[in-house]
Amino acid sequence: MHWALDSHLPSSGIREILDLALKRPNTIRLETGEPDFSPPGFVVQAYRQAALEGHNHYTQTSGIPALRTALQMKLERINGVHRSREEILVTPGGIPGLFLAFMGTAGAGDEILVPDPGWPDYLGGMASLGIQAVRYPLIFPEFVPSLDDLEKRITARTRALVLNFPGNPTGRIPTDSLIRELCLWAERHDLWIISDEVYDQIVFDGEVLSPARWIPERTLAVYSFSKTYAMTGWRLGYLTGPEQAITSLTQVAMGIWSSVSEPLQYAGLRALNGPQEVVAQMRQHYRRRRDLAEQFLDQAGIPHSHPDGAFYLLVRMDTSDLSSRAFALRFLNECGVAVAPGSAFGAMSEGWVRISLAAPESDLMDGLRRLKDFLRR
Ligand code: PLP
Numbered sequence: 012m013h014w015a016l017d018s019h020l021p022s023s024g025i026r027e028i029l030d031l032a033l034k035r036p037n038t039i040r041l042e043t044g045e046p047d048f049s050p051p052g053f054v055v056q057a058y059r060q061a062a063l064e065g066h067n068h069y070t071q072t073s074g075i076p077a078l079r080t081a082l083q084m085k086l087e088r089i090n091g092v093h094r095s096r097e098e099i100l101v102t103p104g105g106i107p108g109l110f111l112a113f114m115g116t117a118g119a120g121d122e123i124l125v126p127d128p129g130w131p132d133y134l135g136g137m138a139s140l141g142i143q144a145v146r147y148p149l150i151f152p153e154f155v156p157s158l159d160d161l162e163k164r165i166t167a168r169t170r171a172l173v174l175n176f177p178g179n180p181t182g183r184i185p186t187d188s189l190i191r192e193l194c195l196w197a198e199r200h201d202l203w204i205i206s207d208e209v210y211d212q213i214v215f216d217g218e219v220l221s222p223a224r225w226i227p228e229r230t231l232a233v234y235s236f237s238k239t240y241a242m243t244g245w246r247l248g249y250l251t252g253p254e255q256a257i258t259s260l261t262q263v264a265m266g267i268w269s270s271v272s273e274p275l276q277y278a279g280l281r282a283l284n285g286p287q288e289v290v291a292q293m294r295q296h297y298r299r300r301r302d303l304a305e306q307f308l309d310q311a312g313i314p315h316s317h318p319d320g321a322f323y324l325l326v327r328m329d330t331s332d333l334s335s336r337a338f339a340l341r342f343l344n345e346c347g348v349a350v351a352p353g354s355a356f357g358a359m360s361e362g363w364v365r366i367s368l369a370a371p372e373s374d375l376m377d378g379l380r381r382l383k384d385f386l387r388r
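Every letter in the sequence shown is one number past the one before it in my numbering, and letter 258, counting from 1, is 269.
And the structure:
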C-alpha cells in the first residue's frame, strides 16, 4: 500500500530531553515552555457554566461571533490592529493557525524564510507540506533579522517570511523602525509575512508592534490563549489576515476540525472580557525571574541573552568540546536538570542552552546554581 506522507519529518530536540526528564523522578524541569500557573478561576468557571447551559454543539468554523467580536477589540487594544470579524478564524491553538498560514502561502517546492534560532515546530508543519524552510540568522546579542541576511536568501520560490516577536527562544523585540523596514522589504519582494505573536502579552520592555499595522493585506498573524492565560492544554488560538485568505483557510479548517469546542470558545470569551490583572500578574512573575536569573548569571560571568519578552533565557555553555545536545544530556543525567539544547532551535544557537522562566522561582535558581557548578567542572 502506498503511504503518501514523508515519514522523515524533523523531530524536536526539546522532545528528546522532555521524554527523558519525564522518566527521571525529581528532575528540575527547565526545558519546556509550559507556564507553571493555572488558567484563571473565572475562565474555568465559564467553561463549566457554558457546558451546563447547553453550549455543547458544533459552531461556525470561523468561531462564535461573540468571541470574534471580543478578539477584534483585543486586537485593537493590545496589538493596535484593526480587523473585521471576517478577518479572524478561531483555531485549536496557535500551531494549527501556523500550519494553515504555511499551507495558504506556499506550495510543495516553495520556500519560507524561518528564523535561526527559532521555534523548531515550524519545521515539521512545513516539511509535511513539502515546503522548504530557509533559515535566516538572528545573531547574539541583538538577535534581530538583518535585511542583508534576508536578501541573500531570497529566490524565485520564496513565498513568505516568518517573524516571531517576542521570539522563542530569544525573547527579543526589534525597534518599530526595523519592523517597518521588514514590512517594506516583504512588500518589495511580494512576500507574505507570517507573524507568530503568541507571546504578544508577555512583554517586559518596550512594545511589540504587529506587521499587520503597516501591511495588513499581506500579514497572517497567529495568536494564542496558551501563554497569555496559562491555557496550553485547552488548545485555543486564532489566525488573522485579509478576508480572502481567512475565508479560504476557513474552508480548509472546516475539513480538519470543523469547529473549535463550543464551551472552550465561551471560556475564551470570558478570558478576554474578565479582569486582565491575572495576565499582568503572570507577566510580573516572569519578569522577576528573568531579572533574578540574569543577575545570577552576570555574577557568575556566564553570557546570556536579554529577553524583552516571552519566557526563555539563552545561556552560553562555553564548552567547545561538547555539542549542546550532549551537554543537555549530561547535565540531565549528572545534575538532574532538564534544559533545551540550543541546536534544537537551529545551527545558530549551537553552543547555547535554553532555560524556561515558566518554572517556579526555586526550581529556576536551583537549576542555575547546578548549571554554574557543572560549567566550572
Ligand atoms: N509559537 C511559538 C513561538 C511557541 O513557542 C509556541 C508554543 O510553545 C506556539 C507558537 C504554539 O502555541 P499553542 O499551539 O499552544 O498556541
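Idealized CB from N, CA, C, for every residue including glycine.
Rounded Cβ spacing between PRO222 and LEU174 (contact assumed at less than 8 Å)
A Cβ-Cβ separation of about 7 Å places PRO222 in contact with LEU174 under the 8 Å criterion.
Counting only the same chain and skipping the five closest in sequence on each side, list residues whose C-beta sits under 7 Å from that of LEU275.
So the list reads TYR58, TRP245 and LEU247, once near-sequence residues are dropped.
Any contact between the stretch 313 to 322 and the stretch 88 to 103? By contact I mean 3 or more CB pairs, one from each, below 8 Å.
Because the criterion of three Cβ pairs below 8 Å is not met, the stretch 313 to 322 and the stretch 88 to 103 do not touch.
Inspect the CB distances between the stretch 62 to 78 and the stretch 197 to 216 and report whether three or more fall short of 8 Å.
Cβ pair count under 8 Å is below three, so no.
Closest residue to ASN284 among VAL233, PHE154 and VAL54 (Cα-Cα distance):
Across the set VAL233, PHE154 and VAL54, the C-alpha of VAL54 shows the shortest separation from the C-alpha of ASN284.
So, ALA355 versus SER49, is the Cβ gap smaller than 8 Å?
Cβ atoms of ALA355 and SER49: not closer than 8 Å.
Quick one: does the C-beta of GLY24 sit closer than 7 Å to a heavy atom of the ligand PLP?
Outside the cutoff, so no.
CA nearest to the CA of GLY43, picked from TYR323, ASP332 and SER334:
The question names Gly, but residue 43 is Thr in the sequence shown. Residue TYR323 holds the alpha-carbon nearest to the alpha-carbon of THR43 among TYR323, ASP332 and SER334.
Is there at least one non-hydrogen atom of the ligand PLP closer than 7 Å to the beta-carbon of ILE213?
No; taking the cut-off as 7 Å, the Cβ of ILE213 has no heavy atom of the ligand PLP nearer than that.
Going by C-alpha to C-alpha distance, which of ASN344, GLU208, GLY120 and PHE215 sits closest to ASP302?
When ASN344, GLU208, GLY120 and PHE215 are compared, the shortest CA-CA separation from ASP302 is found for PHE215.
Does the ligand PLP have even one heavy atom less than 7 Å from the beta-carbon of ILE106?
Yes, Cβ of ILE106 sits closer than 7 Å to a heavy atom of the ligand PLP.
CB-CB under 6 Å to ASP187, same chain, minus the five flanking residues each way: which ones, in chain order?
So the list reads LEU220, once near-sequence residues are dropped.
For the ligand PLP, is there any heavy atom lying closer than 7 Å to the beta carbon of TRP14?
Because no heavy atom of the ligand PLP lies under 7 Å away, the Cβ of TRP14 does not count as near it: no.
Rounded to a whole number of angstroms, what is the C-alpha to C-alpha distance between ASP377 and ARG281?
If I take the Cα positions, the gap works out to 37 Å.
Report the three-state DSSP secondary structure of VAL326 (helix, strand or coil).
Looking at VAL326 - three-state DSSP - the assignment turns out to be strand.
Would you check if the stretch 251 to 268 and the stretch 108 to 117 touch, i.e. whether three or more CB-CB distances between them fall below 8 Å?
Flag = yes, the stretch 108 to 117 and the stretch 251 to 268 touch.
Considering only C-alpha positions, which residue in the set ILE39, GLY279, GLY178 and LEU100 is nearest to LEU382?
Here the closest residue by C-alpha is ILE39.
Whole-number beta carbon distance between ASP329 and LEU386, since they are thought to touch under 8 Å
Contact check for LEU386 and ASP329: beta-carbon distance about 6 Å, within the 8 Å limit, so the pair qualifies.
Tell me where the alpha helix (DSSP H) around VAL92 begins and ends.
Here VAL92 belongs to no alpha helix (DSSP H), and DSSP marks it neither H nor E.
Applying the 10 Å Cβ sphere with the 16-neighbour rule, what's the burial state of ARG341?
With fewer than 16 neighbouring CB atoms inside 10 Å of its own CB, ARG341 falls in the exposed class.
What do you get for ASN179, buried or exposed, if any count of 16 or more other CB atoms within 10 angstroms of its CB means buried?
With 16 or more other Cβ atoms within 10 Å, it is buried.
Examine the ligand PLP and report whether any of its heavy atoms sits within less than 7 Å of the Cβ of GLY11.
With the chain covering only 12 through 388, there is no way to say anything about residue 11.
Quick one: residues in its chain with C-beta nearer than 8 Å to the C-beta of ALA32, no 5 flanking neighbours on either side, listed in chain order?
Within the same chain, ALA32 has close Cβ partners THR38, ARG40, GLU42, LEU343 and ALA349.
Less than 8 Å between the beta carbons of VAL271 and PRO103, yes or no?
Contact: yes.
Is any heavy atom of the ligand PLP found at a distance shorter than 7 Å from the C-beta of THR181?
THR181: no, Cβ never under 7 Å from the ligand PLP.
When you compare each of HIS19, GLN56 and ASP47 to ALA278 by their alpha carbons, which one comes out closest?
A check of alpha carbon separations from ALA278 across HIS19, GLN56 and ASP47 identifies GLN56 as the nearest.
Tell me, which residues are paired with VAL233 by DSSP?
Looking at the DSSP output, VAL233 bridges to ASP207 and LEU250.
Beta-ladder partner(s) of THR102, from DSSP
DSSP lists GLY248 as the beta-bridge partner residues of THR102.
Run the CB neighbour count on ILE150, radius 10 Å, all protein chains shown included, and call it buried at 16 or more, exposed below.
Under a 10 Å Cβ-count criterion, ILE150 is classified as exposed, with fewer than 16 other Cβ atoms of the shown protein chains found around its own Cβ.
Any idea what DSSP makes of GLY312, helix, strand or coil?
Of the three classes helix, strand and coil, the one that applies to GLY312 here is coil, per DSSP.
Given TRP130, which residues of its chain have a CB within under 6 Å of its CB, disregarding the five upstream and five downstream residues?
In chain order, ASN179 place their CB closer than 6 Å to the CB of TRP130, counting only its own chain and leaving out the 5 sequence neighbours on each side.
Would you kindly check if the distance between the Cβ of ASP207 and the Cβ of ILE109 is under 8 Å?
Before going further, note that residue 109 is Leu rather than Ile in the sequence given. Contact flag set, yes.
Euclidean distance between Cα positions of GLN287 and LYS163:
GLN287 and LYS163 have their alpha carbons spaced roughly 43 Å apart.
Around the Cβ of TYR449, are there at least 16 other Cβ atoms within 10 angstroms (buried) or fewer (exposed)?
Absent from the structure is residue 449, since the part of the chain shown begins at 12 and ends at 388.
With H, G and I counted as helix, E and B as strand and the rest as coil, what does DSSP make of GLU261?
A small correction: the amino acid at residue 261 is Thr; Glu does not occupy that position in the sequence shown. Note: THR261 maps to helix in three-state DSSP.
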